[in-house]
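Take a look at the structure below.
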Amino acid sequence: MADRLIVEVGADRYARYFQGSVRFEVSDGVLGVVVPSEFHKRWLERQFSEAVQVVARAELGDDAARVVWGVDPGVAEHASVNEAAVEAAAKSLRADAEGSAPTPPGALPP
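If you count the sequence shown from 1, position 74 lands on 742 in the numbering used here, and the numbers rise without skipping.
This is the structure in structure tokens:
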């Protein structure tokens, strides 16, 4: 997910505004974007909602994929740990949408 978002917003902007301060959660065709404050949430939504929606559609394999923004003051502590779990969940959802078996962690997709 991070790779696609980097393509959409650029590496510098991703590093500045997302890396280490945003947690992504994937569940039932919904991409949750959790940030540490209401200010951060409003600002990122205004600046990047379109790019995040493009990434959600691509990652979840669904044109109807939704993005839900949320606030958790402790998000920065756990953001990087969560990134690998979100990547795995998104790959699994894409595989389900395509009707194929999910790619095992560490394996290259077909």
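The beta carbon of each residue, even a glycine, is placed where N, CA and C say it ideally should be. These numbers come from a predicted model, not from an experiment.
Residue i, DSSP secondary structure in three states
{"i": "residue 695", "result": "strand"}
{"i": "residue 722", "result": "helix"}
{"i": "residue 690", "result": "coil"}
{"i": "residue 701", "result": "strand"}
{"i": "residue 730", "result": "coil"}
Opening and closing residue of the alpha helix (DSSP H) in which residue i lies
{"i": "residue 739", "result": "Residue 739 -> not in any alpha helix (DSSP H); beta strand (DSSP E) instead, spanning 734-739."}
{"i": "residue 680", "result": "679-685"}
Minimum C-alpha distance to residue i - residue among the options
{"i": "residue 740", "options": "734, 685 and 706", "result": "706"}
{"i": "residue 699", "options": "685, 732, 743 and 742", "result": "732"}
{"i": "residue 718", "options": "743, 734 and 729", "result": "734"}
{"i": "residue 729", "options": "711, 742, 694 and 686", "result": "694"}
{"i": "residue 676", "options": "715, 711 and 738", "result": "715"}
{"i": "residue 744", "options": "687, 697 and 670", "result": "687"}
{"i": "residue 669", "options": "710, 711 and 725", "result": "725"}
Residue i vs residue j beta-carbon contact at 8 Å
{"i": "residue 713", "j": "residue 672", "result": "no"}
{"i": "residue 782", "j": "residue 703", "result": "Residue 782 cannot be examined here, being either before or after the span of the chain that is shown, 669 to 778."}
{"i": "residue 720", "j": "residue 736", "result": "no"}
{"i": "residue 779", "j": "residue 685", "result": "As displayed, the chain neither begins before 669 nor continues past 778, which places residue 779 out of reach and without an answer."}
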